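A short write-up of the structure that comes next.
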Amino acid sequence: MKKKFLVLALTLIVVLSAASAAFGEGKTIVYWSMWSDAEPQAIVIKEAIEAYEAESGNTVDIQFKGRTGIREGLQAALDAGTVIDLFDEDIDRVNVQWGAYTMDLEELVKSSNYEETAIAGLMAAAREVAGGTLKSIPYQPNLFEVFYNAEIFAEAGVETVPTTWEEFVAAAEKIKDAGYVPFTSDDAYIIGNYGYQLARYIGVDGVKKVVDEGLWAETPEALLAAQDYAMMAEKGLLSETFGTAAWPTNQNGEFALGEAAMYLNGSWLPNEVKDLTGDDFSWGCFAYPAVPNGKTGLDAANFGAQVFAINAKSEVAPEAFAIIEKITKGEYDLKLSTESVGIPADTTNTEWPEKLTAVRPVMESLMVRFPWSAGIENNPDMTPLIKENFQKLCTGAIDAQTFVDNLEAASGK
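Sequential numbering from 9 applies to the sequence shown in the working numbering.
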């Protein structure tokens, strides 16, 4: 009996020792996150990582840097040789600004059959922006289109969403007559209005050519797009503070409080203002309108996602990819969508948040991807000047010709 007990005890010791050794040999993955630790995305990601740690025996050193922290600190840290295995930010920033630091993920994706339940258009966008090779994994999909208050539309008698610039102006006039602000913006997003309008006329490549080569006077559509917004300002169809409000003044003010009808913004907007709008706000979304004889139509807009990337020098790439899978698939992707009022990245998560119901058909109709602001911010030296002059245009301080002349002169060619 004693001998039998001794054998069982020794067996138990061996089993426990093996388990302890397995966990003791677990790997550490360092993850720098774009989220601040109090944001809903961070809270869900923490839960997903805790589940991953429990299942794998590995440890994740997660550092919530926030947008400013990661944008200002990641590249310097990577250059200094800091161990960072996994990081995230928006699709363009990761693949363009930090693309040299990212790992080719094609084999990891293929071996895990990851794309079977991924959004094909977003995976294609991730490859395109990285030059044809997959170097990032999208999550938290988003788009940048016109959001509107459906109750104001109904009260003003706007029965269908505008699809052309002419219809957009007509809808704005009805909204003004009903006593509401037709169209609002803040300084964080204002330049995107001009970018979209110009891209409708000449396409993104045309927009980039104008801002990179200073072809303001040589491009008739640059003046035409400016005239379109000057007309809106003259008719009182823009918010009185369209050209002066600092974000989030009008977002959290006249739009969220039901005084303004339309706002060019991202699909993150309902989440950002949910504490102000409550559950009764009637959310609408439509594609930025088409212009006469334009090169792009309603199927073209800025859409994308936040993306995960793995450091090209990481020694724990499979483990880092497993973390990506944990966050972007199944339970935790659904929870991210629910808690952040965001679009799910896993196609098996078919339920979207109610506040994004109107976003879904717009998202599913998009075929042509604009970069941020449709390329109007492609030249960093010119961006502040374009913004400043467009703000002046929208307040009536300058006319459309002066807008073009000022930017032509500033281009220095």
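Beta carbons are placed, not taken as given, at the ideal position from N, Cα and C, and that holds for glycine.
On a predicted model such as this, the values are computed, not experimentally measured, just so you know.
Return the first residue and the last residue of the alpha helix (DSSP H) that Val212 is part of.
In the DSSP assignment, Val212 falls within the unbroken alpha helix (DSSP H) covering 198-221.
I need the straight-line Cα distance from Ile160 to Tyr204, nearest angstrom please.
Rounded to whole angstroms, the gap between the alpha carbons of Ile160 and Tyr204 is 24 Å.
Euclidean distance between Cα positions of Gly286 and Lys303:
Distance between the alpha carbons of Gly286 and Lys303 is about 39 Å.
Can you give the beta carbon distance from Glu333 to Ser120, rounded, assuming they're within the 8 Å contact cut?
With 8 Å as the limit, Glu333 and Ser120 qualify as a contact, their Cβ atoms being about 7 Å apart.
Quick check on this structure: which residue in Gly244, Asn279, Phe289, Glu242 has the alpha carbon closest to the alpha carbon of Leu265?
Distance check between Leu265 and each of Gly244, Asn279, Phe289, Glu242 places Phe289 closest, using alpha-carbon atoms only.
Go ahead and label Ala229 buried or exposed: buried means 16 or more other beta carbons lie within 10 angstroms of its beta carbon, across all protein chains shown.
Checking the sequence shown, residue 229 turns out to be Glu, not Ala. Result: buried.
Taking 8 Å as the threshold (C-beta atoms), are Phe294 and Tyr156 in contact?
Going by C-beta atoms, Tyr156 is nearer than 8 Å to Phe294.
Exposure label - Pro388; buried when at least 16 CB within 10 Å:
Exposed, by the Cβ-count rule.
Quick one: is Arg101 buried, meaning 16 or more other Cβ sit within 10 Å of its Cβ, or exposed?
Note on Arg101: 16 or more other CB atoms within 10 angstroms of its CB, so buried under the neighbour-count rule.
So if DSSP puts Ala46 in a beta bridge, which residue, or which two residues, is it bridged to?
Answer is none; Ala46 lacks a bridge partner.
Nonlocal neighbours in the same chain, by C-beta distance under 6 Å from Gly420, ignoring five residues either side:
Result list for Gly420: empty, nothing under 6 Å.
Looking at the secondary structure, which residues open and close the alpha helix (DSSP H) in which Tyr39 lies?
Note, Tyr39: premise wrong, no alpha helix (DSSP H); beta strand (DSSP E) at 36-41.
Look at the alpha carbon of Gly200 and the alpha carbon of Ile92, and state the distance between them as a whole number of angstroms.
Each residue's alpha carbon lies about 33 Å from the other.
For Ala29, is the classification buried or exposed, using 16 other Cβ atoms within 10 angstroms of its Cβ as the cut-off for buried?
Because the pLDDT of Ala29 is 38, which lies under 50, any placement of that residue in the model is unreliable, and the number read from its coordinates should be weighed accordingly. With fewer than 16 other CB atoms across the displayed protein chains lying within 10 angstroms of its CB, Ala29 is exposed.
Taking C-beta to C-beta, are Gly274 and Asn150 nearer than 8 Å?
For Gly274 and Asn150, yes; Cβs fall inside 8 Å.
Less than 8 Å between the C-beta atoms of Tyr340 and Glu58, yes or no?
Against a cut-off of 8 Å, the Cβ pair of Glu58 and Tyr340 comes out as no contact.
Give the straight-line distance between the Cα atoms of Val299 and Ser345, rounded to the nearest whole angstrom.
Approximately 34 Å between the Cα atoms of the pair.
Count Cβ pairs between the region 102-115 and the region 304-322 that sit closer than 8 Å; are there 3 or more?
Three or more beta-carbon pairs separated by less than 8 Å link the region 102-115 to the region 304-322, which places the two stretches in contact.
In this structure, what does DSSP give as the bridge partners for Trp291?
Among the bridge pairs identified by DSSP, Trp291 is matched with Asn157.
In the structure shown, what three-state DSSP assignment does Asn319 receive?
When DSSP states are grouped into helix, strand and coil, Asn319 belongs to the strand group.
Using a Cβ-Cβ cutoff of less than 8 Å, which residues in the same chain neighbour Val412 once the five nearest sequence positions on both sides are dropped?
Only Trp224, Ala225, Ala230, Leu231, Ala234 meet the Cβ criterion.
Determine the direct distance from the alpha carbon of Phe250 to that of Glu167, and round the result to whole angstroms.
CA-to-CA, the gap between Glu167 and Phe250 works out to about 25 Å.
Residue closest to Thr252, alpha-carbon to alpha-carbon, out of Ile198, Ala308, Glu280, Tyr271
The shortest CA-to-CA distance from Thr252 to any of Ile198, Ala308, Glu280, Tyr271 is the one to Ile198.
Please work out which residues of its chain come closer than 7 Å, Cβ to Cβ, to Thr336, disregarding the five sequence neighbours upstream and downstream, and give them in chain order.
Taken in chain order, the residues that qualify are Ile145, Tyr147, Ala353, Asp354.
Check whether the region 278-285 and the region 134-141 are in contact - that is, three or more C-beta pairs closer than 8 Å.
Result no; under three Cβ-Cβ pairs closer than 8 Å.
Hey, would you say Ile384 sits closer than 8 Å to Tyr237, going by beta carbons?
No; because the gap between Cβ atoms is not below 8 Å, this pair is not in contact.
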